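S.K.:
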Amino acid sequence: MSDVVEKTLTALPSLLSLDSQPGSAKLSTNSKLGNLIRGITELTSKHEEEKLIQRELLSIKEQVSSPNTTMRQMKELMVRTIYCEMLGYQASFSYIHAIKLAQQGNVLEKRVGYLAVSLFLDESHELLLLLVNTVLKDLQSTNLIEVCMALTVVSQMFPKDMIPAILPLVEEKLSHSKEIIRRKAVLALYKFYLIAPNQVQHIHNKFRKALCDKDPGVMSASLHIYLQLIQENPEGYKDLTVSFVTILKQVVAGKLPMDFNYHCVPAPWLQIHLLRILSLLGKNDQSTSEIMYEILDESLRRAEMNHNITYAILYECVKCIYTIHPKSDLLEKAAKCIGNFVLSSRINLKYLGLKALTYVVQQDPKLVLQHQMTIIECLDHPDLIIKRETLELLFRITNAQNVTVIVEKMLDFLRVSKDDHTTIDLVGKVAELAEKYATDNEWFIETMNTVFSVGGDMMQPDIPNSFLKLLLDGFDSVEEDRKLRLFAVNSYISLLQGEPSRLPQRFLQVISWVLGEYSHLNGDLEPDVVLRLLAKLLDMKSSSSETKSWVLMAMTKLCSGGAALSVAREVSETYGSSMDTMLRQRAQELQHLSQDSQLQTRVLPQSSSQEAVEVDSSLSFLDWFVSEALAAGAAPYKPPHQRQEEMSRSKALSLEPYGLSLPISMSSCSVADRQSPTLLSMSSGLSGDSTELSHKGSSTTLKLDGVKRVWGREGYLAQREPEEEAAQVETPAPLQSPSQQGDKDSSHSQAPTPTQTPESEQEKQQLASSLFVGLASQSSASLMGKSEQTSQRFRRKARSPDKSLSSSEQLTNPLGSPSSGADNLLLDCSISSELVSAPEQTHLQSLDLTAANSACDAPDGDTKGRKTLSRDDSVSAADVTPHEDPDRPKDLRLASYLPAELSGLSGLPHSEITLVCSNQSLDLSACHVQKDDSLEFVVFIKNSSDTSVHQVQVQVSCEELEVSCVCDSPAEELKSHSVTVCQYRLTVKRPSVYFELAGVVHYQLPAGSLQTEQFSHKLPLKSFIRPLAVSTEDYGTMWLAFSHDTKQNLPLLSDEQEPLTATLNVLKKKLQLHVVEIIGKEGIVACCLRPDQPCLLHCREHAGMLAVWLRSPVPDLPDCLLYHCQRALRER
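Each residue of the sequence shown is one higher than the last, beginning at 99 in the working numbering.
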């Protein structure tokens, strides 16, 4: 311990510049920080440490408050405060002094002040507002150290609302002559993109310039931004694939400076970032993947060093190879690499192999069979992490044939696991498998009973809720419903007759609900018997108040008369005077309903659980009460956002200059009192002191907390997928690269194990045959996350909209963005002479599809989005005229297959027809056609094989869209080289920036095997936007009625003669908006997604920008529409 203390005391002076003497290497013996550290290390208890730290903090507080304290002394005090804070003791009194030190000190004192601020405060702390001017001043300083410190603070903890104040200065630093300044500026912009993506959308071209910076550090910093951008929209950055590959080639070849090497491995973290980017770009794209094959092979070959970081690179290579379009020799090398990991005797490498195997099992399920005995051994491994990852792998390969064995292994692990996170995770997985692959009623109920018992009260609440909903909704068979519920009742009666005190509270709540609803199904079970068992739960000391409430509710349903009345009377008397208001209410309900059987029948009928409940969400039955209260002088209701805004006004800060702004003060009393923006032009002189950022009040406010932000932490875009992190490994064993393996048997890397007895070896073989049954014979495994061909036993009734397909391998529809001149920046600058090459454009090959039009009928009532292809829809290639031009564009050829009602629409052309899925048997293409009230989504299916395929079925779904099938004709066959069409009608249920349509096509080959292909198609919100023709008066009325709004400044087309008119015309053309009226420098615009989903825009010229205020009755619509407005103006 003394050595550690001495090393700490030696390092601190050089890091914090505490000693004024040049060349000082140690803290002086009389240094107060040194004395503090030595005093802490000599203590023997935590209590003594607390007393010492409190005395130290009291002394520091007195000194920092003294007016005689110099900046140099303040610096030393801040260092001691930092040390106390690092030990976990709060020193909030010093926060303001840390900010003062950063503002007033010299360079060394500023360094300590900025360090203290970054450690003390978070992004939401209100004191950060005092640091804005200091950061602005330091960003404009000529001292490079001050600029670096300011950029470091900005990239760590700068508040989102202050970004517009410093963004121009940070942009300027991208062109700074010093590499460290450019690198820190890129990292600051990366931070801005994470917390407020729309603030930096206009500088995407500068990101490309940073990518080809001559300094490798600036280039590597830009990869962080590109990784995020490509995760959100890979299609928009396909042209950079060649550039990323060229960079990776130079990194692997060791052409970067030696400073980037780590244990002789060239820039390993840079390689990992590039591999992740390439995997996103090459997913489901053959032409793009072919560009990567060479460098991926080279990366696998060069990763020959036996070190942790090389294993991380190999792991990312394997993931990339299995993510992009497959190549056989690369897959074989990646499989060997996985085998080396799995068979390693080192725990960390074995874990890495299992993790890689879990990732690739969905693409190559047969790879698991090669290591099945190793996986069996991992189930009994002493390391819990290995066992947990093995169970995760088994979860991915579960099917109807092996579910019993896998669930049993999971439950065995749960019984001995003491980690809460592992328990919560595995309980959810077991519940999912039990519902999806239940073999019979008895197994399902017993498994769920074990889940509730082992999971306890730590499990997620949606697990018992989903179980109860499954029992409530029932299935397609009434008899199956009755058997399942009856078995559950009998099982729970047995549990209550045993030792219910050992059961978790949530399990007791489930038991109470089931017995209250379905105990009548057992004719031999008297109600009073059930009531007495439930009454025992009320007497248990371990029963919570919530559980007792569930029990009382169940007893209320069962007290139908006879002996049950006496039990109900005793319980109601006991809890009728309870201090808990909920229990007292339930007891009163029990007392009254048990005495009036007719009232009980009307209030709690046995069949009520099967009936839909109508809810008056507007609470119209309370209108009379509200009217009387208002007449008596009560205050009108204020929406939550308005109340929070008023509370935050005292903390507000405005960065906008004073000028003409919203003139009419919005009333703080009622939504109905807010003025329409159509009145602003007529009274522009009424108020001149309100700022542009004022939303609903005349005060100058910038809302900082409690109010829905314009941008969330994840921005406007769809929810991102979490970035998968490479597994961290400890000191590993030597591992040969795939190139070194050759034809050697990979089993040599396995550690010697004790000789297995014939009995134990036979048991493992039997377990392996049970766990991995069904994998070898399947062309595509039935894996979690992929569509199942095995029928699910518990199939819920079709009473709710279909959930979106969960696909682990989706084919994304290309949404190419217009190219800009900045794309050619990559041609002008490079890391070296061959770093960045010219972008290669990749295009989908045209399909040779020629046939006549197909007809579709539109039946009513089909809302499941399921389509069976009709024999009449398929057209043989033999019927095509011999004069068909083979070079005819694909778009025109497939357009001839559009249904007549779509192809004849004037003024509403179809979108580009794009290929979404292709294999040896079928080619699927898609497009959409805009209609006045909906969007028609059309899928073209071509049989590209030489034989017919049968039972072709297509299913399309999306969580945010209502998908209804327009064509539904029963069919059996799709002939060779014929084309047919499926048509779906899409309407918006919940707005989103982009809608991801998930689809799956099932078909049967002549050999009789069932095949499944999954695809996806991305649709932007602007495809659903329709102009809303309203008058100015109607616009004003609607504006007052809408409560969800947002504001933002957009670029104005200032080069035009009439900037406002020109800008609104661009929005009108690209987004189909309706310009209601333009009055001077203000304009009002209207649009809608559906008649009940309108959105209004009020636009105004202000300080060379277009100030836009959007309002809608739909919560997310203003934010989503604002994103597309910004993009439309940027891509004009």
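Think of the CB as a built atom: it goes at the ideal place given N, C-alpha and C, for glycine as much as any other residue.
All of these numbers come straight from a predicted model, not from anything done at the bench.
(1) Taking the alpha-carbon of LYS353 as reference, which of VAL340, THR339 and GLN369 has the nearest alpha-carbon?
(2) Please classify ALA1127 as buried or exposed, where buried requires at least 16 neighbouring CB atoms within 10 angstroms.
(3) Of all the options VAL416, ASN359, LYS417 and HIS322, which has the alpha carbon lying nearest to the alpha carbon of HIS371?
(4) Pull up the distance between the alpha-carbon of GLN1112 and that of TYR187, whole angstroms please.
(5) PRO625: which of ASN231, PHE191, GLN348 and SER692 sits nearest, CA to CA?
(6) Enumerate in chain order the residues of its own chain whose CB-to-CB distance from VAL205 is below 6 Å, with the five nearest sequence positions on each side excluded.
(7) Mind checking which residues open and close the beta strand (DSSP E) that includes THR1144?
(8) Between ASP220 and LYS159, what straight-line distance do the alpha-carbon atoms span, to the nearest angstrom?
(9) Spell out the partners DSSP gives LEU1059 in its beta bridges.
(10) Among residues of its own chain, excluding the 5 on either side of GLY959, which ones have a beta-carbon nearer than 8 Å to its beta-carbon?
(11) Between which two residues does the alpha helix (DSSP H) containing ILE422 stretch?
(12) Go ahead and pull the three-state DSSP assignment for CYS362.
(13) In angstroms with no decimal places, state the Cα-to-Cα distance between ASP478 and TYR420.
(14) Which of the three DSSP states is assigned to SER898 in this structure?
(15) Measure the alpha-carbon distance for ASN547 versus MET317 and round it to whole angstroms.
(16) Can you tell me the Cα-Cα spacing of ILE543 and ILE495, whole angstroms?
(17) How many whole angstroms separate the CB atoms of ILE1011 and PHE1035, which I take to be in contact at a CB cut-off of 8 Å?
(18) Would you give the residue range spanned by the beta strand (DSSP E) that VAL628 belongs to?
(19) Three or more beta-carbon pairs under 8 Å between the region 415-431 and the region 392-404, yes or no?
(20) Using alpha carbons as the reference points, say which of VAL1173, SER695, HIS1048 and LEU450 lies closest to PRO1125.
(21) Quick test of your reading: LEU1150 and GLU1199, contact by CB under 8 Å. State the CB separation rounded to the nearest angstrom.
(22) Is LEU913 helix, strand or coil by DSSP?
(23) Given this structure, state the Cα-to-Cα distance separating CYS246 from TRP367, to the nearest angstrom.
(24) Count the other CB atoms, across all protein chains shown, that sit within 10 Å of the CB of GLU270; report buried if there are 16 or more and exposed otherwise.
(25) Can you give the beta carbon distance from ILE194 to VAL233, rounded, assuming they're within the 8 Å contact cut?
(26) Can you name, in chain order, every residue of its own chain whose Cβ lies under 7 Å from the Cβ of ARG400, other than the five neighbours on each side?
(27) In the DSSP output, what is TYR1101 paired with across the bridge?
(28) Hey, how far is the Cα of VAL525 from the Cα of ARG630?
(29) Taking the beta strand (DSSP E) that SER442 falls in, what are its first and last residues?
(30) Do you know how far the Cα of PRO364 is from the Cα of ALA283?
(31) Can you name, in chain order, every residue of its own chain whose Cβ lies under 7 Å from the Cβ of THR472, other than the five neighbours on each side?
(32) Restricting to runs no shorter than 4 residues, where is the alpha helix (DSSP H) found entirely within the region 481-537?
(33) Should the region 1048-1067 be called in touch with the region 1100-1116, which here means at least 3 C-beta pairs below 8 Å?
(34) Whose C-alpha, out of SER239, LYS312, LEU379 and ALA286, is nearest the C-alpha of LEU325?
(35) Based on Cα-Cα distance, which residue from LYS1145, VAL1164 and TYR616 lies nearest to GLU1154?
(36) Which class does VAL251 belong to by DSSP, given the choice of helix, strand or coil?
M.R.: Let me lay it out:
(1) For the purposes of this step, residue 353 is identified with residue 255 of the sequence shown, where counting begins at 1. Of VAL340, THR339 and GLN369, the residue nearest in Cα terms is GLN369.
(2) In the sequence shown, the residue the question calls residue 1127 occupies position 1029. Exposed is the call here.
(3) As a working note, residue 371 is residue 273 in the sequence shown. The option with the nearest alpha carbon to HIS371 is HIS322.
(4) Indexing the sequence shown from 1 puts residue 1112 at position 1014. Indexing the sequence shown from 1 puts residue 187 at position 89. For GLN1112 and TYR187, the distance between alpha carbons rounds to 55 Å.
(5) As a position in the sequence shown, residue 625 is number 527, starting the count at 1. The residue with the shortest Cα to Cα distance from PRO625 is SER692.
(6) Position 107 of the sequence shown holds residue 205. Counting only Cβ-Cβ distances below 6 Å, and skipping sequence neighbours, we find ILE243.
(7) Residue mapping note: residue 1144 aligns to position 1046 of the sequence shown, counting from 1. 1142-1149 is the span of the beta strand (DSSP E), which, as asked, contains THR1144.
(8) To locate residue 220, count along the sequence shown from 1; it is residue 122. To locate residue 159, count along the sequence shown from 1; it is residue 61. When rounded, the distance between both Cα atoms is 22 Å.
(9) Position 961 of the sequence shown, counting from 1, holds the residue named residue 1059. Answer by DSSP bridge pairing, in chain order: VAL1086.
(10) One-based indexing of the sequence shown puts residue 959 at position 861. Because the pLDDT at GLY959 is just 40, under 50, the model does not fix this residue reliably, and the value given afterwards should be weighed accordingly. Cβ neighbours of GLY959 beyond the five flanking positions: none.
(11) Position 324 of the sequence shown, counted from the first residue, corresponds to residue 422. Segment: none, ILE422 is in no alpha helix (DSSP H) and carries neither H nor E.
(12) Taking the first residue of the sequence shown as 1, we reach residue 362 at position 264. Looking at CYS362 - three-state DSSP - the assignment turns out to be coil, as it is neither helix nor strand.
(13) The residue labelled residue 478 in the question sits at position 380 within the sequence shown. The residue labelled residue 420 in the question sits at position 322 within the sequence shown. C-alpha separation (whole angstroms): 29 Å.
(14) The residue you call residue 898 lines up with position 800 of the sequence shown. Interpretation of SER898 is limited by its pLDDT of 43, a score under 50 that renders its predicted location unreliable; the figure taken from the coordinates is listed afterwards. The answer is coil: DSSP assigns SER898 none of H, G, I, E or B.
(15) As a working mapping, residue 547 is identified with position 449 in the sequence shown. As a working mapping, residue 317 is identified with position 219 in the sequence shown. Distance between the alpha carbons of ASN547 and MET317 is about 56 Å.
(16) Mapped onto the sequence shown, residue 543 falls at position 445. Mapped onto the sequence shown, residue 495 falls at position 397. Those two C-alpha atoms are separated by around 23 Å.
(17) Taking the first residue of the sequence shown as 1, we reach residue 1011 at position 913. Taking the first residue of the sequence shown as 1, we reach residue 1035 at position 937. With a Cβ gap of about 12 Å, ILE1011 and PHE1035 do not count as contacting.
(18) Looking up residue 628 in the sequence shown gives position 530. No beta strand (DSSP E) contains VAL628, which is instead part of the alpha helix (DSSP H) from 625-637.
(19) yes
(20) Here residue 1125 refers to the residue found at position 1027 when the sequence shown is read from its first residue. When each option's Cα is compared against that of PRO1125, the closest is VAL1173.
(21) Here residue 1150 corresponds to residue number 1052 of the sequence shown, with the count starting at 1. Here residue 1199 corresponds to residue number 1101 of the sequence shown, with the count starting at 1. Right, their Cβ atoms sit about 6 Å apart.
(22) The residue you call residue 913 lines up with position 815 of the sequence shown. Low local confidence applies: a pLDDT of 33 at LEU913 is under 50, so the model's placement there is unreliable, with the coordinate-based value given in what follows. It is coil, neither helix nor strand.
(23) The residue given as residue 246 occupies position 148 in the sequence shown. The residue given as residue 367 occupies position 269 in the sequence shown. Using only the alpha carbons, I get a separation of about 23 Å.
(24) Within the sequence shown, residue 270 is the residue found at index 172, counting from 1. So GLU270 ends up on the exposed side.
(25) One-based indexing of the sequence shown puts residue 194 at position 96. One-based indexing of the sequence shown puts residue 233 at position 135. The distance from the Cβ of ILE194 to that of VAL233 is about 16 Å, inconsistent with a contact at the 8 Å cut-off.
(26) Taking the first residue of the sequence shown as 1, we reach residue 400 at position 302. Excluding positions up to five away in sequence, the list reads VAL350.
(27) The residue given as residue 1101 occupies position 1003 in the sequence shown. BP columns for TYR1101 point to GLN1109.
(28) The count along the sequence shown starts at 1 and reaches residue 525 at position 427. The count along the sequence shown starts at 1 and reaches residue 630 at position 532. So the two alpha carbons sit approximately 31 Å from each other.
(29) The residue you call residue 442 lines up with position 344 of the sequence shown. Where SER442 is concerned, there is no enclosing beta strand (DSSP E), given that its DSSP letter is neither H nor E.
(30) If you number the sequence shown from 1, residue 283 lands on position 185. If you number the sequence shown from 1, residue 364 lands on position 266. Spanning the two alpha carbons is a distance of roughly 25 Å.
(31) The residue you call residue 472 lines up with position 374 of the sequence shown. Excluding residues within five positions, the ones whose Cβ falls inside 7 Å are VAL440 and LEU441.
(32) Listed in chain order, the complete alpha helix (DSSP H) runs (minimum 4 residues) inside the region 481-537 are 482-494, 501-514 and 518-535.
(33) yes
(34) As a working mapping, residue 325 is identified with position 227 in the sequence shown. Out of SER239, LYS312, LEU379 and ALA286, LEU379 has the C-alpha closest to the C-alpha of LEU325.
(35) Indexing the sequence shown from 1 puts residue 1154 at position 1056. Considering only alpha carbons, the answer is VAL1164.
(36) Position 153 of the sequence shown holds residue 251. Helix.
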